[in-house]
Every structure is written in C-alpha cells, then in structure tokens.
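Structure first, commentary second.
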Amino acid sequence: MDPFPLDGHRGRIALFALSCLLAACASTEAKWSPGQLDQVRLEKCRLAERAYREETPDYPGLRDDLAKDPVAASWFVRMLIRDLFTVREGRPLGEDQDLMRAAAKIEDPLEVRALSEIGEFGAVAVPTVVNDLLRHSQPQPRELGIELLARIGRPSLPALREMAHDGEPRHRRAAGRAMAAVGIDTEVMAMLTELAADPDFTVRADALRSLRGVGGAPAAALLRRSLSSDSDPFVRRQAALSLAAFVELDSANAIIEYLARCQREGDERGEDAAQEALCQLSGKARGAGKKREYPLLVWQTWVSTWKPEAKQPEPK
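Residue numbers (our numbering): 152 to 467.
Structural data, given as structure tokens:
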C-alpha cells in the first residue's frame, strides 16, 4: 500500500493506519509530534516515496527538497523507520528464505537503503529518531535509535546533550550510550564523565559500560576512578569489565586491587567480575562449565612481570 495516498476515503484510512503504526513505534510517554502533515506536505511525501521505491533519478532532488521542511522530513524519516521495523520484525522466522538469508548474512536491500537514507537526512532526522526511538519505553526501539544516531554522527550531539539532562534516568542512559556510539572526543568524554557521576546508579553503569575499549587514556582514568570510588557494587563491576578492554599495566593493577577489595568485603559477584576482567587482560580463558578462578597471589605475581606490549602470558 502506498503510505502517502491521496485518493479520498482510502487516503484517509491509509494515513490513519500509518499514524497508528507510528504511534505504536513511538513512546507513549513522550507524546511528541513532528507537526501536521497537511495536503501539500502529504503530496510531497507521496511523490518522494514513489521515486524512492522506484529508484528514479529525480529522487535525490525530491529528498533534498523534503529535507528543507522539518515536518515533511520527519514524516518521511518515520516511513524509513517503518521500513526498518518491517525488515527486522515483520518477517516470520520460520520462512525458509529468511533462514537462508540469515545463514548467508545477506543484507536486505530495503534495510540497506533505509539506513542510508536516514543518514542522508542527517540533522533533520535527529528529532524523529530521538523522540520516536531513543525515548521509547521498550529496549528494541531504543537500540535502533542508538544505531541510527551513530550513523548520523555529530549532528546528533546537541539533542543528546539535552537528553543527558532529562529527568528520566532511562533517557539519560540512552543518551550516554548514543553519544559514545557517535564517537568519543573531548566533548563526548566530558558528557560521559558527567553521567558517570549521575545520582542514578544505572546511568553511571551505562556510561561506564559504553567506554569499553574506546576513549583512550581519559576513559581508562575515569574507569579506574569509578572502580575504586563508586558507592554502588554494580557500577564497580561494570567499571572492571570495561577496564579490561584497556590492555595496560594500570588497568591490571586497578582490577587486582578491586579483586582484593571484593575478597575482603565478601563481594562474590564483584570477585567474579574481577576474575573475568583479569582473564580478558591476560588472554586466559576461564574454561567451560565451572568457572576457573585464580588466587589473588597468582594475579599479583603475574602482573609483576607482565608486559602489555608483549604476548600476554597466562597465569600459572
């Protein structure tokens, strides 16, 4: 069905169905609307959608024209998001064709084009992605929102900075993860540092988790500080696991100190996280079935001769 039809009663029903579909995708808490899709805008969207589907040469010009109108662009981006949901959720998992496609890791052309076009809209797509997806109450739309904002890149950051100060912890968590996905520079690192001190422990944990293997020396330093000083054991566990991606002597020493603390305080879950992090650093698998643990003294001996630049020896 043409998502932007204009022919009388059929058009009204189709538009209503589209609005219901988009309302199901958007968070009911946000109650956000991009604006009225009047007859003129509807006609522009319909023509652009037809050119997009048929891949005609005039489509880029029609798209660029839509991008000048934030309202029309938002509705067109919603159509592209609908395509993504159609690809990712709409196919029955039992169909042989889908199983073959998944096994062969064949990209769906509808998905590839929708992702590419949302990237082309850039900054004008950000309000729709943020309000329809990133603020959604369900995790799957939020994950798609993070993916799309990472594709859009730095034009997403002003909206994410604002969202990072939202009163809802879930929104602050999503903002931090999306900023890290966009790419960590001085500005993003400053925001993640702020979120790592958030009053809500889940916000702090997600900010630290988003730093796994990225952010360089400032990220590693933040993780070490949180590992030693955060008041919440869950946050400290996330800091340890994230710090394991920074293959440095300071990382190993900080995690070993954390392991010793966990043993003193009887924090079994923290001890397990420390063992996991140290195994990642050392390159030593913990083994299948029952997890293999190493005494604190073994790790202290190992780190005393460990050279991160060399092949990492496993503890004896």
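By construction, the Cβ of each residue, glycine as well, lies at the ideal position given by its N, Cα and C atoms.
{"query": "Less than 8 Å between the CB atoms is what I'm expecting for Ala472 and Leu346, so what's the real figure, rounded?", "result": "With the chain covering 152 to 467 only, the question about residue 472 has no answer from this structure."}
{"query": "For Asp381, which residues from the same chain have a beta carbon less than 6 Å from its beta carbon, with the 5 sequence-adjacent residues on both sides left out?", "result": "Arg387"}
{"query": "DSSP state of Gln187, grouped into three classes?", "result": "coil"}
{"query": "Asp283 to Val277, Cα distance in whole Å?", "result": "10 Å"}
{"query": "Determine, using beta carbons only, whether Ala370 and Leu378 come nearer to each other than 9 Å.", "result": "no"}
{"query": "Just to confirm, is the Cβ distance from Asp351 to Pro384 under 9 Å?", "result": "no"}
{"query": "Straight-line CA distance for Gln389 to Glu262?", "result": "33 Å"}
{"query": "Identify the continuous alpha helix (DSSP H) that holds Ser267 and give its terminal residues.", "result": "260-272"}
{"query": "For the alpha helix (DSSP H) containing Ile303, list its first residue and its last residue.", "result": "290-303"}
{"query": "Skipping 5 residues on each side, what residues in its chain have a beta carbon closer than 6 Å to that of Ala183?", "result": "Before going on, a small fix: residue 183 reads as Trp here, not Ala. For Trp183, where only same-chain residues beyond five positions count, the Cβ hits under 6 Å are Asn282."}
{"query": "Helix, strand or coil, according to DSSP, for Glu246 in the structure here?", "result": "Any reading at Glu246 needs caution, since the residue's pLDDT is 43, under 50, leaving its predicted position unreliable; the model's value is listed next. Correct three-state label for Glu246: coil."}
{"query": "Does the Cβ-Cβ distance between Ala325 and Gly296 come in under 9 Å?", "result": "yes"}
{"query": "Excluding the 5 residues flanking Ala255 on each side, which residues of the same chain have their C-beta closer than 6 Å to its C-beta?", "result": "Low local confidence applies: a pLDDT of 47 at Ala255 is under 50, so the model's placement there is unreliable, and no value is given."}
{"query": "The alpha helix (DSSP H) that contains Leu308, what's its start and end?", "result": "308-314"}
{"query": "Which two residues bound the contiguous alpha helix (DSSP H) that contains Leu392?", "result": "384-394"}
{"query": "Could you tell me if Gly334 is buried or exposed, where buried requires 16 or more neighbouring beta carbons within 10 angstroms of its beta carbon?", "result": "exposed"}
{"query": "Quick one: residues in its chain with C-beta nearer than 6 Å to the C-beta of Gln190, no 5 flanking neighbours on either side, listed in chain order?", "result": "none"}
{"query": "With a CB to CB cut of under 8 Å and the five nearest residues on each side skipped, what residues in its chain are close to Glu338?", "result": "Leu308"}
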